[in-house]
Amino acid sequence: MPPETRREARERARTVPVQNGAAPTSQQPEVESLLPPRPVRKRRLVIRVILFVVVFLLLAAAGWLGVRILTVKSGLEAAKAQLSSVQKGGDINTALKAMGRDAAKAVNATGDPVWNAAELIPFAGDNLRAARLAAQTLDAFANDVALPVVQMQSDGKGKLLARALPLIEAQSATISSLHTQLTDLNASGHLIGPMKSGVEQVVDVLDVAAPVFSVMPQMLGAHGAQSYLLVFQNNAESLPLGGSSASETLITADKGDLKITAQADSGDFAEDKQLTTVDVAASATALYGATYGSRSNMAVTRPDWPSAAQQLIAFWQRDIKDQTINGVVSIDPIALERMLRATGPITVGDVKLTSKNAVKILLSDSYKWWDTYTKAGSAKSDAFFQAVAATMFEKVASADFDMPKMINALRDSVAKGDVMAWSADPAAQKIIADGRLSGELPTDNDETTTLGLYYRDVSASKIDYYLKTAANVERTCTGGTDTIVATTTLDMDITQKNADALPRYVKSRSHGSTFFSKQVFIYAPPGMKVASVTVDGRDVAPFRQGNVDLGRVVAPFQMTLRPGESATVTATFTGTGASTPLEVWTTPMINSTKLTVDDSCAAK
């Protein structure tokens, strides 16, 4: 009877007796060898083959992934280098093209299934994911927005913002998502070495860019027209934020299309009529007097652009037209002159303004052409300034400029206080508030220890075309106490003879060319107090001492300067030490203040 199973067959084979009691011979076959091959051996062979294939595939995948990683690394490093070049003011067109090419290469290398699978590996996968997201970010910036916008700007078809708006709207959600994902990865603690530093750099850019992308469509009127007040400051009559705000232009943005809808000058506003629709800080009127809050051209007297912007809106709504205004931008002739490097010369009537003569024409020559104390002269002067604003606006709105030069001009102007902005939209204002563009002194010393040094003309003149200023600010630290010594000198650099020959609008309204009244306000960093003040000059003295404004102790000085005279004032402040770098914000002057800062306390 045949065995029921192979196992029984094997057992029976082991017990089969040797025939006739004979010993087994080599010719005698073993029963087991006659059976079918063992399945265990077969399974082992299959397992070995599978393991070999898996190992081979893993090695191949690792090699493939390694090549991809090197490609991504090379592309990201090159793209980030171009990003750094743009941030530092390099050739923007060249950098963007290179960044776009390198970023696209990196994105392509992270788009295959092997890379996607490897992202699932704990810890290491986070670094691969970060590389992919960083590549996608740079690719979106360069290839989906920046390069198309640059192409639009250079094609001569105009209306850059209106044409760029759909691109910005389309990328807003993508940029926001990338920002969130990279920020989370950066905070995970899983990123290592160059990947960590690279992601940090991209996140720093996204921290600014993502919010900008989110608010820009609204600001450009994608969902309804927006109105903005463009204020033109006159640095020949210096005030802490720049100069008297004598000319204003209302601009409307509707689906990215910008148009001038109204213009006004200081003569169109009621004078010495206190505002009632906005709060005017008592600390400000204590320092600057009753003209602050009662004259539109004095709104920039206090070194706080948000409050100035809100006053300017209130003046416009009261005296020009009661309408919604969504933001205010300030610009001065110094910034305009820089922008003319990008636009090239503009012609208004028979006057040609260039990057070499705009300040001179606007803040000196024009007063020789028209006597603005007369009605006819004032009308001609106002018409000229409004025409300059309109012509320059048309250049910018039509994208008729060199993009890299314009970006550099605006960057320099923001850094020096010649351009400021404020938005009624809290989301947009949050973006603006972080930096010099806000015109708002920092409220703490967390990132910088900032001292404010400001000049003010109180002679109702335009004499500051001839005023020269210099300042030296030193900080020392002893026993946990900081000491800051701030010294500034004002020099009326004009002879009496030349002062006598000035147009009467340039001279002091009250004292002609005899002397000119000036004030200096030194705002201590938060947490510091005035230790002492000193003066050097014939008619110079501290005044209104003991005031606190904008959360800072203020050391004010007043003086009268005759032609050829100078005066020096010094304020010493002490307080608990802060390790952040010392910065000095000062009034943008026609003759730029010669500033030196010596800081021996900042953490190295």
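For what it's worth, the UniProt record's numbering labels the leading residue of the sequence shown as 1, then goes sequentially. For glycine and all other residues, C-beta sits at the position ideal for the given N, C-alpha and C. Because the structure is a prediction, the values reported are computed rather than measured.
Environment of residue i [buried if 16+ CB atoms lie within 10 Å]
| i | result |
| --- | --- |
| Glu271 | exposed |
| Ala376 | exposed |
| Val208 | exposed |
| Pro166 | exposed |
| Gln323 | exposed |
| Lys416 | buried |
| Arg552 | buried |
| Ser600 | exposed |
| Asn189 | For the sequence presented, residue 189 should be read as Gly rather than Asn. That one is exposed. |
| Glu237 | buried |
| Asp279 | exposed |
| residue 621 | The structure shown does not extend to residue 621, since the chain spans only 1 to 604, so no value can be given for it. |
| Ser592 | exposed |
| Tyr373 | exposed |
| Thr596 | exposed |
| Gly575 | buried |
| residue 626 | It is not possible to answer for residue 626, since the shown part of the chain is limited to 1 through 604. |
| Arg509 | exposed |
| Gln274 | exposed |
| Ser294 | buried |
| Asp446 | exposed |
| Pro404 | buried |
| Thr481 | exposed |
| Pro345 | exposed |
Cβ pair residue i, residue j closer than 8 Å
| i | j | result |
| --- | --- | --- |
| Ala486 | Val506 | no |
| residue 608 | Lys594 | Residue 608 is absent from the structure shown; the chain starts at 1 and stops at 604. |
| Thr476 | Thr580 | no |
| Leu133 | Leu178 | yes |
| Phe393 | Ser461 | no |
| Asn234 | Ala246 | yes |
| Leu229 | Val328 | yes |
| Thr354 | Leu363 | no |
| Asp418 | Ile334 | yes |
| Leu147 | Lys97 | yes |
| Leu451 | Thr488 | no |
| Phe213 | Ser244 | no |
| Gly242 | Val150 | no |
| Thr338 | Ala409 | Looking at the sequence itself, residue 338 is Arg, so the reference to Thr does not match. Yes, Cβ-Cβ distance for Arg338 and Ala409 is below 8 Å. |
| Asp268 | Asp319 | yes |
| Lys348 | Val396 | Checking the sequence shown, residue 348 turns out to be Val, not Lys. No, Cβ-Cβ distance for Val348 and Val396 is not below 8 Å. |
| Ala314 | Asp402 | no |
| Arg456 | Leu239 | yes |
| residue 670 | Ser330 | Since the displayed the chain opens at 1 and closes at 604, residue 670 lies outside it and no answer follows. |
Beta bridge counterpart(s) of residue i as assigned by DSSP
| i | result |
| --- | --- |
| Asn234 | Ser244 |
| Val552 | Checking the displayed sequence, the identity of residue 552 turns out to be Arg instead of Val. Answer by DSSP bridge pairing, in chain order: Asp549. |
| Gln263 | Thr249 |
| Glu474 | Val485 and Asp598 |
| Arg456 | Gln519 |
| Gln558 | Gln519 and Ala541 |
| Thr449 | Leu582 |
| Val569 | Thr488 and Val535 |
| Asp257 | Asp254 |
| Leu467 | Met492 |
| Thr574 | Thr483 and Lys529 |
| Glu271 | Beta-bridge pairing links Glu271 to no other residue. |
| Glu440 | Asp304 |
Residue i beta carbon near the ligand COA (any heavy atom closer than 7 Å)
| i | result |
| --- | --- |
| Asp322 | No copy of the ligand COA occurs in the structure displayed, which carries no ligand at all. |
Any chance the region 523-530 sits against the region 252-259, with 3 or more Cβ pairs inside 8 Å?
-> no
So does the region 383-400 actually touch the region 284-291, counting three or more Cβ pairs closer than 8 Å?
-> no
Three-pair Cβ contact test at 8 Å for the region 421-441 versus the region 294-307 | yes
Of all the alpha helix (DSSP H) runs that stay within the bounds of the region 493-544, which reach a length of 4 or more residues?
-> 496-500
Three or more C-beta pairs closer than 8 Å, one from the region 496-515 and one from the region 417-430: is that the case here?
-> no
Output the residue ranges of the alpha helix (DSSP H) runs that lie fully inside the region 296-362 and measure 4 residues or longer, sorted by chain position.
-> 305-319 and 333-343
Along the chain, which unbroken stretches of the alpha helix (DSSP H) at least 4 residues long are found entirely within the region 371-431?
-> 375-397 and 403-415
Would you call the region 139-158 and the region 215-230 in contact, with 3 or more CB pairs under 8 Å?
-> no
Touching by the beta-carbon criterion (3+ pairs, under 8 Å), the region 102-109 and the region 135-153 | yes
Counting Cβ pairs, one atom from each stretch, are 3 or more of them under 8 Å apart for the region 560-569 and the region 528-545?
-> yes
Beta strand (DSSP E) runs wholly inside the region 175-239, at least 3 long, in chain order | 226-239
Are three or more beta carbon pairs between the region 585-594 and the region 543-563 nearer than 8 Å?
-> no
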